[in-house]
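A short write-up of the structure that comes next.
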Amino acid sequence: MPTLTTTSQTELDKISAIRTIDSEIQTLEELKKTISQESLTSALDMMQKASGRIIITGMGKSGHIGRKIAASLASTGTPSFFVHPAEASHGDLGMITEDDVVVAISNSGESRELLDILTYCKRFGISIISITKNPNSSLGKAGDIVLLLPNNGEACPLGLAPTSSTTATLVLGDILTIGLIERKGFSKEDFNDRHPGGKLGSILKHVSDLMHTGEEMPILEEHSNMQAVLLEMTSKRLGCVGFINHLGELTGILTDGDLRRCLSGDILNSLAIDLMTKNPKTISPDAMTAEALKLMHDKKITNLFVLKDKKPVGVIHIHDLLNNGVA
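Under our numbering, think of the first position of the sequence shown as 1412, with each following residue one higher.
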């Protein structure tokens, strides 16, 4: 008799995962084809020109996505926050002013909880950008601008749980966020100002935020003897010494590794200028810490002197970067 084979749970899970991914990709491909350039530009114009804030609202899963969109906008230079539709009906409508733009999200466009916000906006002439799959819905008709979501179902096998639709909404929110970033010329420095905490904040810090300065810098004149070099390296505990000429410009560096490689009986009779590595790798105080880490990694070094007008203003060690989460 032939042997019957059964599909394992692991195989079934993999099939389900691929089916879900394919369904959501299909929805994004549909969004890519159907997004209206005119409506998108009008929405970005309205958001960019707003003298107030961008208010995001939505119920249920649309609300969860809305919170992320509001957070992304706020962190990239567009003042924004989320207003819960149910709370709006109990006083939070007062958070919305005539200078604001409301972005209302509902896949079906018929979320009853949005009615009070929409009515309030119409009463006080507050602009509305509607995100929905149905332009003829209550939300679609209320919007001054409508950004349409694909209407090709959900990844959920029941066709009920918001899956593909929330993915499309999230991407549409990212489209608006990136569009405003590019229009405003939002920079890494601007981003850093809004992200001082966590790993991201560490990566976006400047070298000047972490470097050792003043008396902490191991610096000597380039004709110093090796006894002075050893004392400086030991006392400053950064594993290196930098050397300057009569103009105060950095001309070389010696590391503890360099010293081990050139140890000999008469090393104390040498001068720094005879043993130092000339024209060492350096970095600007305005450079990002992530840039400093990459340079150290690429050049296989552990220290960088920080120069301004060719003169050392600080030194940064790889441990300073790693201990601050720059990795």
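C-beta atoms are modelled at their ideal positions from N, C-alpha and C, and glycine is treated no differently. These numbers come from a predicted model, not from an experiment.
Report task. Could you tell me whether the Cβ atoms of residue 1575 and residue 1543 are closer together than 8 Å? Result -> The answer is no: Cβ separation not under 8 Å.
If you run the structure through DSSP and keep just helix, strand and coil, what is residue 1687?
For residue 1687, the secondary structure class from DSSP, reduced to helix, strand or coil, is coil.
- Whole-angstrom distance between residue 1537 and residue 1512, CA atom to CA atom: Between residue 1512 and residue 1537, the C-alpha separation is close to 6 Å.
Could you check which residue in 1434, 1587, 1433, 1547 has the C-alpha nearest to that of residue 1485? Out of 1434, 1587, 1433, 1547, 1587 has the C-alpha closest to the C-alpha of residue 1485.
* Asked: Mapping DSSP to helix, strand and coil, what is residue 1496?
  -> Secondary structure at residue 1496: helix, using DSSP grouped into helix, strand and coil.
Exercise for the section: Tell me where the alpha helix (DSSP H) around residue 1590 begins and ends. Expected result: Membership of residue 1590 in the alpha helix (DSSP H) is indicated by the continuous run 1575-1595.
* Asked: Across which residues does DSSP place residue 1538 in a beta bridge pair?
  -> BP columns for residue 1538 point to 1512.
Requested in this report: For residue 1634, name the three-state secondary structure that DSSP assigns.
Outcome: Here DSSP, grouped into helix, strand and coil, assigns residue 1634 to coil.
message = Assuming residue 1728 and residue 1649 are in contact, meaning their beta carbons sit under 8 Å apart, how far apart are those beta carbons, in whole angstroms?
response = Cβ-Cβ separation between residue 1728 and residue 1649: approximately 5 Å, consistent with a contact (criterion under 8 Å).
- Once you ignore the five residues that flank residue 1594 on each side, which residues in its own chain have a CB closer than 8 Å to its CB? Cβ-Cβ distances below 8 Å link residue 1594 to 1455, 1459 in the same chain, with the five nearest sequence neighbours on each side left out; the list follows chain order.
(Q) Looking at residue 1682: is its Cβ nearer than 8 Å to the Cβ of residue 1673? (A) No, the Cβ-Cβ distance between residue 1682 and residue 1673 is not below 8 Å.
Here's the rule I'm using: 16 or more other beta-carbon atoms within 10 Å means buried, otherwise exposed. How should residue 1545 be labelled? Buried: at least 16 other Cβ atoms inside 10 Å.
Review point. Looking only at its own chain, which residues have a Cβ that is under 8 Å from the Cβ of residue 1622, when we skip the five neighbours before and after it?
Key: Closer than 8 Å at Cβ, skipping near neighbours: 1696, 1717, 1724, 1725, 1726, 1727, 1731.
Sort 1734, 1722, 1688 by Cα distance to residue 1700 and report the nearest one. Cα-wise, what sits closest to residue 1700 is 1734.
Check whether the region 1522-1538 and the region 1563-1570 are in contact - that is, three or more C-beta pairs closer than 8 Å. Between the region 1522-1538 and the region 1563-1570 there are fewer than three C-beta pairs closer than 8 Å, too few to call the two in contact.
ask   = Under three-state DSSP, which class holds residue 1651?
value = DSSP places residue 1651 in strand when its eight states are reduced to three.
- Query: Any idea what DSSP makes of residue 1699, helix, strand or coil?
  - Reply: Residue 1699: strand per DSSP, three-state reduction.
As assigned by DSSP and simplified to three states, the class of residue 1479: DSSP places residue 1479 in helix when its eight states are reduced to three.
Mind checking residue 1633: buried by the 16 CB within 10 Å criterion, or exposed? Classification for residue 1633: buried.
Given a threshold of 16 other Cβ atoms within 10 Å of its Cβ, counted over all protein chains shown, does residue 1629 qualify as buried or as exposed?
When all chains shown are included, residue 1629 counts as buried.
Can you name the residues that DSSP bridges to residue 1501? DSSP output for residue 1501 lists no bridge partner at all.
Exercise for the section: Taking the CB atoms as reference points, tell me whether residue 1715 and residue 1737 lie closer together than 8 Å. Expected result: Not in contact: residue 1715 and residue 1737 (Cβ atoms no closer than 8 Å).
### Message
Do residue 1661 and residue 1721 have their beta-carbon atoms positioned less than 8 Å apart in this structure?
### Response
Result yes, Cβ atoms of residue 1721 and residue 1661 sit closer than 8 Å.
- Message: Quick test of your reading: residue 1597 and residue 1487, contact by CB under 8 Å. State the CB separation rounded to the nearest angstrom.
- Response: Confirmed, about 6 Å.
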